[in-house]
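Protein chains: 2
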Amino acid sequence: MCHVRRTDATAARGRKATIKDVAARAGVSPSAVSIALHDKPGVSALTKERILRAASELGWRPNQAAASLSGRNVHTVGLAIARPARMLGLEPFYMEFISGIESVLGRRSCSLLLRLIEADEEIQVHREWWQGGRVNGSILVDLLVDDPRIPALAEIGLPAVVVGHPSLAGPFASVWTDDAAAVVEAVRYLAALGHRRVARVSGPAALGHSVIRTDAFTAVTRELGLEARTAVADFSADQGSRACRNLLLAPDRPTAIIFDNDIMAVAALGVAGEFGLSVPEDLSLLAWDDSQLCQLTRPTLSAMQHDVFSFGAEVTHALFGVINGEEHVSHPAQSPSLIPRASTAPPRR
Amino acid sequence: MCHVRRTDATAARGRKATIKDVAARAGVSPSAVSIALHDKPGVSALTKERILRAASELGWRPNQAAASLSGRNVHTVGLAIARPARMLGLEPFYMEFISGIESVLGRRSCSLLLRLIEADEEIQVHREWWQGGRVNGSILVDLLVDDPRIPALAEIGLPAVVVGHPSLAGPFASVWTDDAAAVVEAVRYLAALGHRRVARVSGPAALGHSVIRTDAFTAVTRELGLEARTAVADFSADQGSRACRNLLLAPDRPTAIIFDNDIMAVAALGVAGEFGLSVPEDLSLLAWDDSQLCQLTRPTLSAMQHDVFSFGAEVTHALFGVINGEEHVSHPAQSPSLIPRASTAPPRR
DNA sequence: CGGTGTCCATAGAACGGTCTAGTGTTACTT
DNA sequence: AAGTAACACTAGACCGTTCTATGGACACCG
Numbered sequence: 001m002c003h004v005r006r007t008d009a010t011a012a013r014g015r016k017a018t019i020k021d022v023a024a025r026a027g028v029s030p031s032a033v034s035i036a037l038h039d040k041p042g043v044s045a046l047t048k049e050r051i052l053r054a055a056s057e058l059g060w061r062p063n064q065a066a067a068s069l070s071g072r073n074v075h076t077v078g079l080a081i082a083r084p085a086r087m088l089g090l091e092p093f094y095m096e097f098i099s100g101i102e103s104v105l106g107r108r109s110c111s112l113l114l115r116l117i118e119a120d121e122e123i124q125v126h127r128e129w130w131q132g133g134r135v136n137g138s139i140l141v142d143l144l145v146d147d148p149r150i151p152a153l154a155e156i157g158l159p160a161v162v163v164g165h166p167s168l169a170g171p172f173a174s175v176w177t178d179d180a181a182a183v184v185e186a187v188r189y190l191a192a193l194g195h196r197r198v199a200r201v202s203g204p205a206a207l208g209h210s211v212i213r214t215d216a217f218t219a220v221t222r223e224l225g226l227e228a229r230t231a232v233a234d235f236s237a238d239q240g241s242r243a244c245r246n247l248l249l250a251p252d253r254p255t256a257i258i259f260d261n262d263i264m265a266v267a268a269l270g271v272a273g274e275f276g277l278s279v280p281e282d283l284s285l286l287a288w289d290d291s292q293l294c295q296l297t298r299p300t301l302s303a304m305q306h307d308v309f310s311f312g313a314e315v316t317h318a319l320f321g322v323i324n325g326e327e328h329v330s331h332p333a334q335s336p337s338l339i340p341r342a343s344t345a346p347p348r349r
Numbered sequence: 001m002c003h004v005r006r007t008d009a010t011a012a013r014g015r016k017a018t019i020k021d022v023a024a025r026a027g028v029s030p031s032a033v034s035i036a037l038h039d040k041p042g043v044s045a046l047t048k049e050r051i052l053r054a055a056s057e058l059g060w061r062p063n064q065a066a067a068s069l070s071g072r073n074v075h076t077v078g079l080a081i082a083r084p085a086r087m088l089g090l091e092p093f094y095m096e097f098i099s100g101i102e103s104v105l106g107r108r109s110c111s112l113l114l115r116l117i118e119a120d121e122e123i124q125v126h127r128e129w130w131q132g133g134r135v136n137g138s139i140l141v142d143l144l145v146d147d148p149r150i151p152a153l154a155e156i157g158l159p160a161v162v163v164g165h166p167s168l169a170g171p172f173a174s175v176w177t178d179d180a181a182a183v184v185e186a187v188r189y190l191a192a193l194g195h196r197r198v199a200r201v202s203g204p205a206a207l208g209h210s211v212i213r214t215d216a217f218t219a220v221t222r223e224l225g226l227e228a229r230t231a232v233a234d235f236s237a238d239q240g241s242r243a244c245r246n247l248l249l250a251p252d253r254p255t256a257i258i259f260d261n262d263i264m265a266v267a268a269l270g271v272a273g274e275f276g277l278s279v280p281e282d283l284s285l286l287a288w289d290d291s292q293l294c295q296l297t298r299p300t301l302s303a304m305q306h307d308v309f310s311f312g313a314e315v316t317h318a319l320f321g322v323i324n325g326e327e328h329v330s331h332p333a334q335s336p337s338l339i340p341r342a343s344t345a346p347p348r349r
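Chains as they are written, first to last, in UniProt numbering: chain U, 1 to 349; chain C, 1 to 349.
Set out below in structure tokens:
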């Protein structure tokens, strides 16, 4: 389809212009064109102008594949995400994260190679990308405890940055948020409001950061002498609701619940309604990964806020560090901070 | 910096294995390796096995850049999205759409080249991608009325599929949902419930589908003799709320409002609360682009449902059609259909 | 035994750039 | 005037594949 006209010269040949066409039109050698294009010393200002004019007249852009082949830089980084499609759509996290990545890539005229996959395909995909020379490096997300990707991808020498605590990252550089500190802040806040029975709905237990948060939650509630309980879910509204129901059905139901993302917290608002509990009087709810979603609900949701956009940008920055062989790329990103809204309050006496 | 071990041979040479290394190890010529890899006739079963073993021992994958350079297929399609980062995060639409795209790409071991950009960069990005040989084709979204991308990208011969009505697509193939029919269905439904004053909060007026929906809305409300009003917003919660407030402040406020996406509809629930109006008794709300979001709120939101995942898949399918030079690729996708939930009901007398 | 296929395998030319090593010209030094 | 340095530009190798043309080996046929 799309019957279209082409610019003069390309149309005539029926193919895209190449560096040779440009060289011919400007009356120089291909080398000169390459030099002119990259602003390197070696051609006079006059010639350069002539070359660039010829290039734009022919609508020529250097073929990236050819450039990569000699130049060694493919101007691309890879990201593979393994979560069910439906869930991905709803989670604001990834899109914001990707936006952050792009904000750094754009400045370097690099692009993101994206793949949404099943978890067991990921090693394969990165192998293909790296060994096939499609990417300069990759970003690894959703790290598991003892993640099989770490040894496998280290083995093939993939330059990568891990999004997660260094303890999960093996030999890779990593950028992480201090989840433990954030959990402590959240629990202390609820304790200060007067809550004595506090629960938490976590993400999948296999995820590295779930474990880190769970450990921190256990430690800090013990330290403060709180009654604590954790239910495991998978970030989805469904499982979040179910976990929440189970917690509320227990004989001594908690007066405050912390959720590992905002979707589950939003879903919990509905569950509270089912139980005839009013938020925050009967039940305080505290979300994680604060997105605009938390401000859309009534009551608005208190949340542990996290600048996901900047986080993505920092991770990408770190990846370029790794690619360029810099040392000491790993570093913590800004810690999530508590944004109190209308869903948390002292418990009813 | 990921100090890592490499597989034997690559470590020794300090670089990735190439087809020559594989050929040498298997004791054949590079051509034979290429033939074996692609399952083409020309090598004996025995040799082939030897070659594949050598390849896997060296961890070799064909370099995509080199393959593209001769083979002409870059196994990549492009997608550039121009919306502010924050908004993208919240809109479930794009992630689901991308998931759908991926579901088709994955089967063909193609990848998606993604860029989040400012609107005025888009032509430039596609030029770069296409003329630089980075993509085999692109998907164009968020079509405007008289979109400048259409002539510009047709001119350079980019194979592309437009997401939107053919009237917006110029010479390009397109895949679209019948928005006009959906608007009619929505309005008829509200009219059948007994609503006589119906309003609509649209997306940006420059968007092609906003215009199509607005025209349909105007036509059908006139036909049914309803009092109709349209307010323009930009899909964001903020502007959605504001538009909703303006509608509700009018002397004869509407008893039902249709929104062009679900974010704005969710935001409107809050606004209704501000005004002391209960949904759906005092005010019916109908969302568009039904995502799980609509089921998370209380009351749940009635919505025009739209299988965005399949839509993405169909568009991608069509793009492959265009790339392969097939005719008659354009076609409508499934029309959105009404999912009545708790936010719509007959108006209070 | 020469002719004709068939099968296996290879040589070598693309593909479209980048980059190094070089050539030729001019200007400046001594 | 010879030497040299700076500059403008080019030839050609090279990156890692694919693909076409071709060659050799072997079997079958008349």
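Here a beta-carbon is modelled for each residue, glycine too, at the ideal position from N, C-alpha and C.
{"query": "Could you tell me which residues DSSP pairs with residue 124(U) in its beta bridges?", "result": "According to DSSP, which records beta bridges pairwise, residue 124(U) is partnered with nothing at all."}
{"query": "Are there 16 or more other CB atoms within 10 angstroms of the CB of residue 38(C), so buried, or fewer, so exposed?", "result": "exposed"}
{"query": "Spatial neighbours of residue 239(U) within its chain, please: CB distance less than 6 Å, with the 5 preceding and 5 following residues excluded, ordered by chain position.", "result": "233"}
{"query": "How about the stretch 293–302 of chain C and the stretch 253–265 of chain C: do they share at least three Cβ pairs that are nearer than 8 Å?", "result": "yes"}
{"query": "Can you tell me which residues form a DSSP beta bridge with residue 78(U)?", "result": "113(U) and 138(U)"}
{"query": "Buried or exposed: residue 157(C), going by 16 or more other Cβ atoms within 10 Å of its Cβ?", "result": "buried"}
{"query": "How long is the line joining the alpha carbons of residue 271(C) and residue 167(U), rounded to whole angstroms?", "result": "46 Å"}
{"query": "Relative to the C-alpha of residue 27(C), which residue among 16(C), 53(C), 40(C) and 41(C) is closest?", "result": "53(C)"}
{"query": "In angstroms, rounded to a whole number, what distance separates the CA positions of residue 34(C) and residue 19(C)?", "result": "8 Å"}
{"query": "Could you tell me the boundaries of the beta strand (DSSP E) in which residue 305(U) lies?", "result": "302–305"}
{"query": "For a cutoff of 8 Å on Cβ pairs, would you count residue 60(U) as touching chain C?", "result": "yes"}
{"query": "Quick check on residue 192(U): buried or exposed, where buried means 16 or more other Cβ atoms within 10 Å of its Cβ?", "result": "exposed"}
{"query": "Measuring CA to CA, which of 245(C), 169(C) and 258(C) is closest to residue 274(C)?", "result": "245(C)"}
{"query": "With H, G and I counted as helix, E and B as strand and the rest as coil, what does DSSP make of residue 320(C)?", "result": "helix"}
{"query": "Buried or exposed: which applies to residue 285(U), given that a residue is buried once 16 or more other Cβ atoms fall within 10 Å of its Cβ?", "result": "buried"}
{"query": "Would you identify the three-state DSSP class for residue 129(U), choosing helix, strand or coil?", "result": "helix"}
{"query": "Looking at the C-beta of residue 167(C), does it have a partner C-beta in chain U at a distance below 8 Å?", "result": "no"}
{"query": "Closest by CA to residue 195(C), which one among 330(C), 258(C) and 175(C)?", "result": "258(C)"}
{"query": "Since residue 322(C) and residue 135(C) should fall inside the 8 Å C-beta cutoff, what is the C-beta to C-beta distance between them, to a whole number of angstroms?", "result": "Rounded, the Cβ-Cβ distance is 12 Å, inconsistent with contact."}
{"query": "Closest to residue 242(C) by CA distance: which of 129(C), 313(C) and 203(C) is it?", "result": "203(C)"}
{"query": "Compare the Cα-Cα distances from residue 341(C) to each of 36(C), 329(C), 325(C) and 290(C) and report the closest residue.", "result": "290(C)"}
{"query": "Any beta carbon from chain C within less than 8 Å of residue 92(U)'s own beta carbon?", "result": "yes"}
{"query": "Between the Cα of residue 77(C) and the Cα atoms of 320(C), 343(C), 47(C) and 330(C), which residue gives the shortest distance?", "result": "320(C)"}
{"query": "Which residues in chain C sit within 9 Å of residue 117(U), going by Cβ to Cβ distance?", "result": "102 and 106"}
{"query": "From 105(C), 317(C) and 124(C), pick the residue whose C-alpha is nearest to that of residue 328(C); which is it?", "result": "317(C)"}
{"query": "Taking only three categories from DSSP, how would you classify residue 231(U)?", "result": "strand"}
{"query": "Examine chain U for any beta-carbon lying closer than 8 Å to the beta-carbon of residue 64(C), and answer yes or no.", "result": "yes"}
{"query": "In chain order, which alpha helix (DSSP H) runs of at least 4 residues are fully inside the stretch 20–85 of chain U?", "result": "30–37, 45–58 and 64–71"}
{"query": "What number of angstroms, rounded off, separates the C-alpha of residue 344(C) from the C-alpha of residue 183(U)?", "result": "40 Å"}
{"query": "Residues of chain U with CB closer than 9 Å to the CB of residue 362(C), please, in chain order.", "result": "No answer is possible for residue 362(C): the residues shown for chain C start at 1 and end at 349."}
{"query": "Under DSSP, the beta strand (DSSP E) around residue 248(C) begins and ends at which residues?", "result": "Counting along the chain, residue 248(C) falls outside any beta strand (DSSP E), though it belongs to the alpha helix (DSSP H) covering 237–249."}
{"query": "Please classify residue 250(C) as buried or exposed, where buried requires at least 16 other C-beta atoms within 10 Å of its C-beta.", "result": "exposed"}
{"query": "Give, in chain order, every residue of the stretch 124–146 of chain U whose Cβ lies closer than 7 Å to some Cβ of chain C.", "result": "127, 128, 131, 132, 133 and 134"}
{"query": "Check each candidate in 314(U), 325(U), 293(U) and 255(U) and name the one with the smallest Cα separation from residue 346(U).", "result": "255(U)"}
{"query": "Use the C-beta contact count for residue 70(C): other C-beta atoms within 10 angstroms, 16 or more gives buried, fewer gives exposed.", "result": "exposed"}
{"query": "From the beta carbon of residue 68(U), is the nearest beta carbon of chain C less than 8 Å away?", "result": "yes"}
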